[in-house]
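Structure first, then comments.
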Amino acid sequence: MSLPSVVPAPASLEQATGAPFRLSATTRIEGETDAAASLAALVTARTGLEVEGGGASTITLAIEPGGAAESYSLTADEASVVVTGADAAGLFYGVQTLGQLLTRDDDAWIVPAVTVEDSPRFAYRGVMLDVARHFHSVETVKGYIDRAAGLKFNALHLHLADDQGWRLQLHSRPKLTELASGTAVGGDPGGFYTKADYAEIIAHAASRHMIVVPEIDMPGHTHAVGLAYPELVEEPVLSDHIIEIARDYGGDLPEAGKPYDGMAVGFSSLKIHDEATYDFVADVFGELAGMTPGPYLHLGGDEALGTAPEDFALFVSRATEIIADLGKTPVAWHEAGAAPDLTEATVGQYWGFVTPTDGMDVKAREFVRNGGQLILSPADAIYLDMKYPTGPDLGLTWANGPTSVEDAYSWEPSAIIRGIDDTDILGVEAPMWSETIRTASDIDTMAFPRIAAAAEAGWSPATGASDLRTWESFRTRVGALGPLWTSLGIGFHPTGEIPWVTE
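Shown next, in the form of C-alpha cells:
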C-alpha cells in the first residue's frame, strides 16, 4: 500500500491499518478558531462540503506548547482526526497537511488512517516575487502568499525597486513613486503600493504565518532612483555586455533621466562618495523599518557592475550598518561577501549555481565567517522564472536553463558550498523574477510544480535521510496534488515529468 501524498515530505509519516476517517457535512471541527476557519475553507474548496457539525465524527485542532517551533502532529483514525501544533504556525501547517490528505473515495471523502510527526529542517523558507520588472497587484501578491503558505513557506521576499521602477510609497522620499513608478519591462504599465497597500500585504502574510522581507536593491539596479533624485546616481555604464543584452532582448540602451524598460542589468550605480547618498539610504530603510515588523531588510547588492569594487565594499559596509542600527538584520546577495567590513551577522543570499562558479561560494562563505548565515537560492534549480524544457513561452534560460522539475528537486542545500553545514544555513528561497512574468496566471504556471521542490528543500529532512526524499517519491506525491491545486484555482504547468492524478 502506497503512503499518502504530502508535500513537502514530513519528518515522519506512518500509515495505520485501520479504517479511514470519513468526512461529511456533519463532521465537527473543534478547537483553535483561526485554524478551524482555515480548515473549513480548505475543505470547502477541495470537496464542496460546507462542514456544519452535529455528527459524531470530529476533527480537533489544538496548540500544545513545548515542541519545536512550527512543529505539529496529526493522527487520523476511523473516529477522529487530531492535529496539534507546538504554536499557531505549527497548527496551521498541520491543517495544510490535512488538506493534502483528503482523498475522494467514490462519492465520499476520507482521510487515511495515518500518524504524522513533523517539523521544519530550516527556520527560513521563502519565496521571492519581483514586482519591479513587472508590477503585480495587492490581490496577486496575496494570492501568491496563500499558495506559498500551503506548502509551508514562511517568508515573502518582495523585490520592490530596480532599474525599471520603484514600487513602494515612502513619505520621506515622495518623488520615488511620483516620478519613478510608471514603467515596466517592455513598456508595460508600472504601479506602486501605497503605505496602506503594503500594510495590507503584511497583515495578510501574518495571517498565513509569513513574514515580509522587503528588498530595495542598491547600489546597482538604481536607474529608477535617478528619475526622482538624479543627483544621487552616476551616469549609466554602457559596457559591451549591456549592449549585447539590448541587442538580444530588445529595448533601448539606458539613458540618464529617462525611464528604462529593457532587461539589461549592471549599468547603474548610486554615487558612493556623496553623503547625500547615505542620507537617502537612511531615509529609505528607516521608513521601511517602521513599516515592516519582520526582522529582515534586504539591500540587494547584486550585479553592481557599474560600481568599482572598492566603492562597492564601502557602500555595502555603510548600508548594512545603517540597517543594523535600525534594529533589523541586513540581508544582501552573495556579492556583498566581498566587502571586508560587512556588518557582523549580515545574512547572505546565494544565487549562484548548484555547482558554484566564479568564486561565488567564496563570497558566500564570508557571511558565515562574519557571524551570519546563508539563504540558498541556486539559480539553476529554484529560480522559478527559468523556462521549462517543454511548456509555455515564458521565462529565461541564462541559469543553465531550461530548468526541469527534476532539476529543481535534485540538489541538497548542505552540499552546495564547501565547508557549510545546516547550522550555517538560515534557509532556502525560491525567487520569481518578472522580466517575462506579467500576470497572476504567469506566476502560477512558472511556480507550480517547481515551487514544491523548493518547499521540500527547505522543510523536509536532508536528501537521503528519509525514504520520501527521492525524486521518484516526490514526483508521485506532487502528481497526487493536481486535483487539490485545481480546486484551489492554481493554474499549474502540467509537465509530463509528473504523473498527474485527475480524480
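Heads up: the sequence shown begins at 4 in the numbering used here, then just goes up one per residue. Quick reminder that beta carbons are idealized off the backbone N, C-alpha and C, glycines included.
Beta-carbon spacing of residue i, residue j below 8 Å
i: ILE66; j: ASP37; result: no
i: LYS331; j: PRO298; result: yes
i: VAL284; j: GLY304; result: no
i: ASP166; j: TYR263; result: yes
i: VAL130; j: PRO23; result: no
i: LEU26; j: VAL119; result: no
i: PHE356; j: PRO381; result: yes
i: THR349; j: PHE315; result: no
i: GLN352; j: ILE378; result: yes
i: ASP447; j: ILE493; result: yes
i: MET213; j: ALA292; result: no
i: LEU182; j: ALA231; result: yes
i: HIS226; j: VAL268; result: no
i: LEU397; j: ILE454; result: no
Proximal residues to residue i (C-beta, below 6 Å), its chain only, five neighbours per side dropped
i: GLY88; result: ILE66, TYR75, LEU94, GLY97
i: GLY185; result: GLY193
i: ARG480; result: SER8, VAL10
i: PHE495; result: PHE451, PRO452, TRP488
i: ARG478; result: ILE501
i: GLU73; result: ALA92, GLY93, PRO123
i: VAL240; result: PHE270, GLY309
Terminal residues of the beta strand (DSSP E) in which residue i lies
i: THR118; result: 117-121
i: ILE113; result: 111-114
i: GLN103; result: First-last for GLN103: 91-104, but that is the alpha helix (DSSP H), not the beta strand (DSSP E).
i: PRO434; result: 428-435
i: LEU16; result: 15-18
i: ILE378; result: 377-379
Cβ neighbour criterion (16 or more within 10 Å) applied to residue i
i: ALA411; result: buried
i: THR406; result: buried
i: SER122; result: buried
i: ILE246; result: exposed
i: PRO502; result: exposed
i: ASP328; result: exposed
i: LYS198; result: exposed
i: HIS276; result: exposed
i: GLU237; result: buried
i: GLU271; result: For clarity, residue 271 is Ser in the given sequence; the question names Glu instead. Per the 10 Å Cβ criterion, buried.
i: PRO343; result: exposed
i: LYS390; result: buried
i: THR358; result: exposed
i: LYS155; result: buried
i: GLU35; result: buried
i: THR360; result: exposed
Where the alpha helix (DSSP H) containing residue i begins and where it ends
i: MET266; result: Element bounds for MET266: n/a, residue is neither H nor E.
i: THR30; result: Counting along the chain, THR30 falls outside any alpha helix (DSSP H), and DSSP gives it neither H nor E.
i: GLY351; result: Not the alpha helix (DSSP H): GLY351 falls in the beta strand (DSSP E), residues 350-353.
i: MET294; result: 278-294
i: ALA65; result: Segment 61-66 is the beta strand (DSSP E) holding ALA65; no alpha helix (DSSP H) there.
i: ASP149; result: 141-152
i: SER444; result: 443-450
i: ASP470; result: Where ASP470 is concerned, there is no enclosing alpha helix (DSSP H), given that its DSSP letter is neither H nor E.
i: PRO343; result: Counting along the chain, PRO343 falls outside any alpha helix (DSSP H), and DSSP gives it neither H nor E.
i: ILE419; result: It is not in any alpha helix (DSSP H) - ILE419 carries neither H nor E in the DSSP assignment.
Chain D contact for residue i (CB, 8 Å cutoff)
i: ASP445; result: The structure shown has no chain D; it contains just one protein chain.
Bridge partners - residue i, DSSP secondary structure assignment
i: PRO192; result: THR186
i: SER5; result: Note: SER5 sits in no beta bridge, so no partner.
i: TRP336; result: GLN352
i: GLY1; result: Since the displayed the chain opens at 4 and closes at 506, residue 1 lies outside it and no answer follows.
i: LEU129; result: For the record, residue 129 in the displayed sequence is Gly; it is not Leu. BP columns for GLY129 point to ALA158, GLU432.
i: LEU370; result: Contrary to the premise, residue 370 reads as Phe rather than Leu in this sequence. None, per the DSSP bridge assignment.
i: TYR75; result: GLY88, ASP121
i: ARG25; result: ILE113
i: TRP169; result: ALA164
i: ILE214; result: ALA158
i: LEU273; result: VAL236
i: MET389; result: LEU399
i: ASP108; result: ALA111
i: SER83; result: THR61
Close Cβ partners of residue i (< 7 Å) along its chain, the five nearest in sequence each way excluded
i: ALA135; result: HIS162, LEU163, ALA164, ASP165, GLN167, GLY168, ARG170
i: VAL287; result: LEU173, ARG176, ILE219
i: GLY482; result: ILE501, PRO502, TRP503, VAL504
i: SER413; result: TRP474
i: ALA28; result: LEU52, GLU53, VAL54, GLU55
i: LYS366; result: HIS337, GLU338, GLY340, ALA341
i: VAL144; result: LEU132, ILE204
i: ASP149; result: ARG211
Own chain partners of residue i with C-beta closer than 8 Å, once the 5 adjacent residues on each side are dropped
i: ASP425; result: ARG124, PHE125, PRO416, SER417, ALA465
i: ALA14; result: GLU120, ASP121, SER122, SER463, PRO464, SER469
i: GLY102; result: LEU42, LEU45, VAL46, ARG49, GLY153, LEU487
i: VAL84; result: PHE24, THR61, ILE62, THR63, LEU77, THR78, LEU101, VAL114
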